[in-house]
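In order, the protein sequence lines correspond to chains A and B.
For the first sequence, the residue numbers in our numbering are 4 to 237.
For the second sequence, the residue numbers in our numbering are 4 to 237.
Ideal Cβ positions, reconstructed from N, Cα and C, are used throughout, including at glycine.
Only a predicted model underlies this, so the values are computations on that prediction, with no experimental measurement involved.
Following: one structure in structure tokens, then a few remarks.
Number of protein chains: 2
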Amino acid sequence: LLELNNIYKTYKIGTVEVHALQGLNAVIEKNEYVSIMGPSGSGKSTLMNIIGCLDTPTEGNYLLDGLTVHSNDPEKGKLDDNKLAEIRNQKIGFVFQTFNLLPRATALHNVELPLIYAGISKKARMEKTHSTLIKVGLGDRIYHRPNELSGGQRQRVAIARALVNNPSIILADEPTGNLDSKTSAEIMVLLDKLHSAGNTIILVTHEHNIAEHAHRIITLLDGKVSKDSKTGKG
Amino acid sequence: LLELNNIYKTYKIGTVEVHALQGLNAVIEKNEYVSIMGPSGSGKSTLMNIIGCLDTPTEGNYLLDGLTVHSNDPEKGKLDDNKLAEIRNQKIGFVFQTFNLLPRATALHNVELPLIYAGISKKARMEKTHSTLIKVGLGDRIYHRPNELSGGQRQRVAIARALVNNPSIILADEPTGNLDSKTSAEIMVLLDKLHSAGNTIILVTHEHNIAEHAHRIITLLDGKVSKDSKTGKG
Ligand SMILES: Nc1ncnc2c1ncn2[C@@H]1O[C@H](COP(=O)(O)OP(=O)(O)OP(=O)(O)O)[C@@H](O)[C@H]1O
Ligand SMILES: Nc1ncnc2c1ncn2[C@@H]1O[C@H](COP(=O)(O)OP(=O)(O)OP(=O)(O)O)[C@@H](O)[C@H]1O
Ligand SMILES: [Mg+2]
Ligand SMILES: [Mg+2]
Numbered sequence: 004l005l006e007l008n009n010i011y012k013t014y015k016i017g018t019v020e021v022h023a024l025q026g027l028n029a030v031i032e033k034n035e036y037v038s039i040m041g042p043s044g045s046g047k048s049t050l051m052n053i054i055g056c057l058d059t060p061t062e063g064n065y066l067l068d069g070l071t072v073h074s075n076d077p078e079k080g081k082l083d084d085n086k087l088a089e090i091r092n093q094k095i096g097f098v099f100q101t102f103n104l105l106p107r108a109t110a111l112h113n114v115e116l117p118l119i120y121a122g123i124s125k126k127a128r129m130e131k132t133h134s135t136l137i138k139v140g141l142g143d144r145i146y147h148r149p150n151e152l153s154g155g156q157r158q159r160v161a162i163a164r165a166l167v168n169n170p171s172i173i174l175a176d177e178p179t180g181n182l183d184s185k186t187s188a189e190i191m192v193l194l195d196k197l198h199s200a201g202n203t204i205i206l207v208t209h210e211h212n213i214a215e216h217a218h219r220i221i222t223l224l225d226g227k228v229s230k231d232s233k234t235g236k237g
Numbered sequence: 004l005l006e007l008n009n010i011y012k013t014y015k016i017g018t019v020e021v022h023a024l025q026g027l028n029a030v031i032e033k034n035e036y037v038s039i040m041g042p043s044g045s046g047k048s049t050l051m052n053i054i055g056c057l058d059t060p061t062e063g064n065y066l067l068d069g070l071t072v073h074s075n076d077p078e079k080g081k082l083d084d085n086k087l088a089e090i091r092n093q094k095i096g097f098v099f100q101t102f103n104l105l106p107r108a109t110a111l112h113n114v115e116l117p118l119i120y121a122g123i124s125k126k127a128r129m130e131k132t133h134s135t136l137i138k139v140g141l142g143d144r145i146y147h148r149p150n151e152l153s154g155g156q157r158q159r160v161a162i163a164r165a166l167v168n169n170p171s172i173i174l175a176d177e178p179t180g181n182l183d184s185k186t187s188a189e190i191m192v193l194l195d196k197l198h199s200a201g202n203t204i205i206l207v208t209h210e211h212n213i214a215e216h217a218h219r220i221i222t223l224l225d226g227k228v229s230k231d232s233k234t235g236k237g
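As structure tokens, then:
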């Protein structure tokens, strides 16, 4: 499904270069359930942004579903912005580490957005948005704006928004970081079910018990894969 | 040190009332080490904002160091905004659940701010800011802005900012939510040391192993204290 070859991502701060990813290689098949772990600053969110077509590597090749998203070879067809936006909206659901909600919109409208972009009718949008917010336990918070929600409630709005369009690839960056154990367990049940339904789940987490829901754990260190092993599940 | 009596906090969303705190009582002595736990939405951050003089209760009395911060009785001296700002700047260090960093300022300037408000000289500010950023492992990230930092690095800038003015009361709302186990352990060593040095630590966390660093755990449920017990430490 997705193939990352020799991926480099370098940022410049003034004259200093930060090597966020340094020659990363990974292949993830359709319907895999993968956790990504590693120290703070090791490149996990940078990797997720590249996988999710939100950012491009400085060097390296990224193939998604057979399409060349990015290539060192200018001859190979690279995807244009419209195509990338289409993939992001239809194939990928992204839960951001820092939520990235629209601050002046209600939880309802934040979750509704991907469906508006996908051209879904108002009636179908309302049904789907309501049911997804209920699934993450926020049925009684739909008209609250982000600053009228607790940290864990904002996180769940971000999760609902990522799932509302039934994406086949779910990228979740620390989805339970602000949740108590009971609510975390509810979210993991949701992700486990989506995996059983045939979707691909890639989740970044610092917590081992959350990572163990997946069938494989990829560990990053200094922008490279330092370990890649099965969890014994699946 | 701080005394909360029958604290209520009610929000209004349209016609709906949200009872974030419903008759909460707590007394915390000087140099205590307290963890606050409870489900998502149970009122922990709301409680922290009231303790930290960032928000006022709808009803109830709050005494801090003998001063009446808020009282139902209009006869009792309530603190004015200048006095509250002074307490916040000098006595209290607050690590916010969602960091609340200035997005266009560097890590250095974000951490420097409380010292500027306290009227500290430039030379002393630079020394203190640098050493605090080094303590949280960000010595090589001081010129990065928040969007040029990883989630865990932003969290550590928020921690550094809370500690830079040597406050005697440290309020930390989920300080390790975005940190891997090694970095979490480093931050907890820092907090444990600050406690041994005589300061008062109140930390909200969802993780039991982090909560167990404290000597007492207060558990909230639906805006009230549901449990209040010693951890066996200290
Ligand atoms: N400004 C606001 N307006 C309306 N409701 C609010 C507001 N702020 C918080 N709430 C509600 O008050 C309740 C308590 O919020 P609070 O942020 O204190 O929870 P919390 O215990 O910190 O949760 P979490 O663990 O998810 O961070 C929540 O149900 C939330 O929706
Ligand atoms: N826009 C940027 N400009 C400069 N440096 C950046 C930028 N974004 C990230 N970095 C740096 O790249 C490195 C990797 O960042 P990344 O966000 O991928 O880490 P992470 O593994 O997700 O960490 P965490 O667990 O703390 O979230 C970090 O050291 C960070 O400081
Ligand atoms: Mg990250
Ligand atoms: Mg909170």
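Can you find a heavy atom of ligand 3 that lies under 7 Å from the Cβ of residue 81(A)?
-> Here the question's residue 81(A) lines up with position 78 in the first sequence. Not so, every heavy atom of ligand 3 lies at least 7 Å from the Cβ.
Contacting positions in the region 171 to 183 of chain A - beta carbon closer than 9 Å to chain B | From the region 171 to 183 of chain A, only 176, 177, 179, 180, 181, 182, 183 have a Cβ closer than 9 Å to chain B.
For ligand 4, any of its heavy atoms closer than 7 Å to the Cβ of residue 131(B)?
-> The residue given as residue 131(B) occupies position 128 in the second sequence. Checking the Cβ of residue 131(B) against ligand 4 gives no.
Spatial distance of residue 120(A) from residue 153(A) (CA atoms) | Residue 120(A) sits at position 117 when you count from the first residue of the first sequence. Residue 153(A) sits at position 150 when you count from the first residue of the first sequence. In a straight line, the C-alpha of residue 120(A) is about 27 Å away from that of residue 153(A).
At least one CB of chain A closer than 8 Å to the CB of residue 14(B): is that the case?
-> Counting from 1 along the second sequence, the entry for residue 14(B) is found at position 11. Chain A, which has a Cβ nearer than 8 Å to the Cβ of residue 14(B), makes this yes.
How many Å lie between residue 165(A) and residue 102(A) at the Cα?
-> Stepping through the first sequence from its first residue, residue 165(A) is reached at position 162. Stepping through the first sequence from its first residue, residue 102(A) is reached at position 99. Cα to Cα, the separation comes out at about 10 Å.
Limits of the unbroken alpha helix (DSSP H) element including residue 85(A) = Here residue 85(A) corresponds to residue number 82 of the first sequence, with the count starting at 1. 84 to 93 is the span of the alpha helix (DSSP H), which, as asked, contains residue 85(A).
What separation, rounded to the nearest whole angstrom, lies between the Cα atoms of residue 205(A) and residue 54(B)?
-> For the purposes of this step, residue 205(A) is taken as residue 202 along the first sequence, with counting starting at 1. For the purposes of this step, residue 54(B) is taken as residue 51 along the second sequence, with counting starting at 1. Taking the straight line joining both Cα atoms gives about 39 Å.
Leaving out five residues on either side along the sequence, give the residues of the same chain with a beta carbon under 8 Å from the beta carbon of residue 231(A).
-> What you label residue 231(A) is simply residue 228 of the first sequence in a count that begins at 1. For residue 231(A), where only same-chain residues beyond five positions count, the Cβ hits under 8 Å are 29, 219, 220, 221, 222.
Could you check where the beta strand (DSSP E) with residue 135(A) kicks off and where it finishes?
-> Numbered from 1 along the first sequence, position 132 holds the residue referred to as residue 135(A). Not the beta strand (DSSP E): residue 135(A) falls in the alpha helix (DSSP H), residues 125 to 138.
Got a sec: which bits of the region 196 to 227 of chain A sit with their beta carbon under 7 Å from any beta carbon on chain B, in order along the chain?
-> Interface annotation for the region 196 to 227 of chain A against chain B: 209, criterion Cβ-Cβ distance under 7 Å.
Top-ranked residue by Cα proximity to residue 83(A), from 92(A), 77(A), 72(A) = As a working mapping, residue 83(A) is identified with position 80 in the first sequence. The candidate whose alpha carbon is nearest that of residue 83(A) is 72(A).
Skipping 5 residues on each side, what residues in its chain have a beta carbon closer than 8 Å to that of residue 148(A)?
-> Here residue 148(A) is taken as the residue at index 145 of the first sequence, counted from 1. Only residues of its own chain outside the window of five on either side were considered, and among them 106, 107, 108, 109, 110 have a CB closer than 8 Å to the CB of residue 148(A), listed in chain order.
So, is the C-beta of residue 25(A) closer than 8 Å to a C-beta in chain B?
-> On the first sequence, position 22 is the one that residue 25(A) refers to. No, no contact with chain B.
Given a cut-off of 8 Å, decide if residue 202(A) and residue 173(A) are closer than it, judged by their beta-carbon atoms.
-> Mapped onto the first sequence, residue 173(A) falls at position 170. Mapped onto the first sequence, residue 202(A) falls at position 199. In this structure, residue 202(A) lies closer than 8 Å to residue 173(A) by Cβ.
Among residues of its own chain, excluding the 5 on either side of residue 41(A), which ones have a beta-carbon nearer than 8 Å to its beta-carbon?
-> Numbered from its first residue, the first sequence carries residue 41(A) at position 38. Apart from sequence neighbours up to five positions away, the residues of its chain that approach residue 41(A) with a beta-carbon distance below 8 Å are 47, 222, 223, 224, 229, ordered along the chain.
Stretch pair the region 9 to 23 of chain A + the region 58 to 65 of chain A: three plus CB contacts closer than 8 Å | Segments in contact, yes.
Among 208(B), 5(B), 44(B), 143(B), the one whose alpha carbon lies nearest that of residue 94(B) = Within the second sequence, the letter at position 91 stands for residue 94(B). Minimum Cα-Cα distance from residue 94(B) among the listed residues 208(B), 5(B), 44(B), 143(B) corresponds to 5(B).
Which class does residue 167(B) belong to by DSSP, given the choice of helix, strand or coil?
-> Taking the first residue of the second sequence as position 1, residue 167(B) is located at position 164. In this structure, residue 167(B) counts as coil in the three-state DSSP scheme.
Tell me residue 73(A)'s beta-bridge partners as DSSP assigns them.
-> Sequence index remark: in the first sequence, residue 73(A) carries index 70 (1-based). Within the DSSP bridge table, the entry for residue 73(A) names 65(A) as partners.
Note down, in chain order, all residues in the region 137 to 150 of chain A with a beta-carbon under 7 Å from any beta-carbon belonging to chain B.
-> Answer in chain order: 146, 147.
Give a yes or no on whether the C-beta atoms belonging to residue 89(A) and residue 140(A) are separated by under 8 Å.
-> On the first sequence, position 86 is the one that residue 89(A) refers to. On the first sequence, position 137 is the one that residue 140(A) refers to. Remark: C-beta atoms of residue 89(A) and residue 140(A) do not approach each other more closely than 8 Å.
Please determine, among 68(B), 92(B), 31(B), 192(B), the residue with the shortest C-alpha to C-alpha distance to residue 215(B).
-> Mapped onto the second sequence, residue 215(B) falls at position 212. Residue 192(B) is the option with its Cα nearest to residue 215(B).
Run through DSSP, which three-state label would residue 108(B) get?
-> Counting from one through the second sequence, the residue named residue 108(B) turns up at place 105. DSSP places residue 108(B) in coil when its eight states are reduced to three.
beta-carbon residue 176(B) near ligand 4 non-hydrogen atom, thresh 7 Å | Here residue 176(B) refers to the residue found at position 173 when the second sequence is read from its first residue. The answer is yes for residue 176(B).
Could you tell me if the beta carbon of residue 188(B) falls within a distance shorter than 7 Å of some heavy atom in ligand 1?
-> Translated into the one-based positions of the second sequence, residue 188(B) becomes position 185. Taken from the Cβ of residue 188(B), every heavy atom of ligand 1 lies 7 Å or farther away.
Measure how close the beta-carbons of residue 156(A) and residue 180(B) come, nearest whole angstrom, since I'm counting them as under 8 Å.
-> On the first sequence, position 153 is the one that residue 156(A) refers to. On the second sequence, position 177 is the one that residue 180(B) refers to. With a Cβ gap of about 14 Å, residue 156(A) and residue 180(B) do not count as contacting.
Ligand 1 heavy atom lying under 7 Å from the CB of residue 233(B) | As a working note, residue 233(B) is residue 230 in the second sequence. Not under cutoff, so the answer is no.
Leaving out five residues before and five after residue 128(B) in sequence, what residues of the same chain have Cβ atoms less than 8 Å from its Cβ?
-> Counting from 1 along the second sequence, the entry for residue 128(B) is found at position 125. 115, 118, 119.
From which residue to which residue does the beta strand (DSSP E) around residue 29(A) run?
-> Within the first sequence, numbered from 1, the residue matching residue 29(A) stands at position 26. It spans 19 to 31 - the beta strand (DSSP E) in which residue 29(A) sits, taken as one unbroken run.
Range of the contiguous alpha helix (DSSP H) that encloses residue 188(A) = Working through the first sequence from its first residue, we reach residue 188(A) at position 185. Note, residue 188(A): alpha helix (DSSP H), 184 to 199.
Quick one: residues in its chain with C-beta nearer than 8 Å to the C-beta of residue 131(B), no 5 flanking neighbours on either side, listed in chain order?
-> Walking along the second sequence from the start, residue 131(B) turns up at place 128. Short of 8 Å from the beta carbon of residue 131(B), and not among the five residues preceding or following it, lie these beta carbons of its own chain, in chain order: 118, 123, 167.
For residue 212(B), does the count of other Cβ atoms within 10 angstroms reach 16, so buried, or fall short, so exposed?
-> Looking up residue 212(B) in the second sequence gives position 209. The residue is exposed, with fewer than 16 neighbouring Cβ atoms inside 10 Å.
Candidates 50(A), 66(A), 87(A): which alpha carbon is nearest residue 79(A)'s?
-> Walking along the first sequence from the start, residue 79(A) turns up at place 76. Residue 66(A) is the option with its Cα nearest to residue 79(A).
Mind checking which residues open and close the alpha helix (DSSP H) that includes residue 47(B)?
-> Within the second sequence, the letter at position 44 stands for residue 47(B). In the DSSP assignment, residue 47(B) falls within the unbroken alpha helix (DSSP H) covering 47 to 54.
Based on Cα-Cα distance, which residue from 50(B), 20(B), 144(B) lies nearest to residue 16(A)?
-> Taking the first sequence and counting its residues from 1, one reaches residue 16(A) at position 13. In terms of Cα proximity to residue 16(A), the closest of 50(B), 20(B), 144(B) is 144(B).
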